[in-house]
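*Asks:* Quick one: structure below, then a few questions.
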Amino acid sequence: MYTYLNCICRDTMTGAASGHDFLDSDGGSDDETFEKFCEHEAVEDELLPRCSLNNDVNDCLIPKELHVEGLSAESLEPYAGMTFPSLEDARNFYYEYAKHTGFTIRTNRIRHSLKNMAIIGRDFVCSREGFRAAKHTLRKDRVLPPRPITREGCKAMIRLAARDGGKWIVTKFVHDHNHKLMTSCKFSGELPIVNILSEEEKDKKIQDLYDELQHERQRSVALQHQLSMILEDLEEHAEFMSIRVEDIINSIKEIELGDL
């Protein structure tokens, strides 16, 4: 069981929206406000406006619980404007929708705020989205045959955007797939989630990688320092040995001259 908020406003929002610069996970950045980003999505996806705090209570539906058990895939159909209390709830919802519909999902694009790098946008897509890069199939050093190609350029996806108060709203939903969907008989147990980790798990992995990188950097600095000390010792020793050799040669010459 999980919960989502379904909020439909009768009046457009009159309050000023706070702006957020954001950074896309694919390396691109945008200096427009996050509100403009959502308005851009609204043109294509008919994004529902947020409820104003001044609206009457009856203007909006009261948040309700959605029990997955006993609901059909049609009952789980997402739509632009659907609101969730958290990103985890939104992900769980799309997971259940995919499970009922017959496809697997994975995380695609992630948008970060340029102010504090907080996650303010995320796309969940069909696992058959995109295409496999040619470099993976054309590798000359490959020992084993390449894995079967599963990506077929499917466009099915759901796009989520962060709102004030920690809520997440659907700004884009693509329903159609370009491939056959799996039937329920093909699912053995739980439907796998491809490449989806909780925020805590991702943060921990990133922190672990960062700590490991810092540790390796410190080791590299220490090794460089030790290597420079060894080289200095070798230079001093070589200079000392050259002086000793020269002294020995001079001593031998003196002995030879004395014998004469």
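At position 97 of the sequence shown the residue is numbered 97 (UniProt numbering), and the sequence of numbers has no breaks. Virtual Cβ for every residue (Gly too), placed ideally from N, Cα, C.
Can you list, in chain order, the stretches of the alpha helix (DSSP H) that have 4 or more residues and sit fully within the region 110 to 137?
*Replies:* The qualifying runs are 134 to 137.
*Asks:* Along the beta strand (DSSP E) that carries Arg159, what are the first and last residues, could you check?
*Replies:* From DSSP, the beta strand (DSSP E) with Arg159 extends over Met157 to Ala162.
*Asks:* Which residues mark the beginning and the end of the alpha helix (DSSP H) in which Lys99 is found?
*Replies:* Looking at the DSSP string, the run of the alpha helix (DSSP H) that includes Lys99 is Leu87 to Thr101.
*Asks:* Beta strand (DSSP E) containing Thr171: first to last residue?
*Replies:* Counting along the chain, the beta strand (DSSP E) containing Thr171 begins and ends at Trp168 to Val174.
*Asks:* Work out the CA separation of Leu234 and Leu223 for me, nearest whole Å.
*Replies:* Their Cα atoms are separated by approximately 16 angstroms.
*Asks:* According to DSSP, is Asn108 helix, strand or coil?
*Replies:* It is a strand residue.
*Asks:* When the Cβ atoms of the region 77 to 90 are set against those of the region 102 to 113, are three or more pairs found closer than 8 angstroms?
*Replies:* No, because fewer than three Cβ pairs between the region 77 to 90 and the region 102 to 113 fall closer than 8 angstroms, the two stretches do not touch.
*Asks:* Taking the CB atoms as reference points, tell me whether Ile149 and Phe173 lie closer together than 8 angstroms.
*Replies:* Not in contact: Ile149 and Phe173 (Cβ atoms no closer than 8 angstroms).
*Asks:* With 16 other CB atoms within 10 Å as the buried threshold, where does Ile169 fall?
*Replies:* With 16 or more Cβ atoms within 10 Å of its Cβ, Ile169 is classed as buried.
*Asks:* Return the CA-CA distance between Phe34 and Glu232, expressed in angstroms with no decimal places.
*Replies:* Bear in mind that a pLDDT of 33 at Phe34, under 50, signals an unreliable position, so the number given afterwards is only what the model happens to contain. About 57 angstroms.
*Asks:* Is it true that the CB of Ser127 sits closer than 8 angstroms to the CB of Phe93?
*Replies:* Taking 8 angstroms as the Cβ cut-off, Phe93 and Ser127 do not qualify as a contacting pair.
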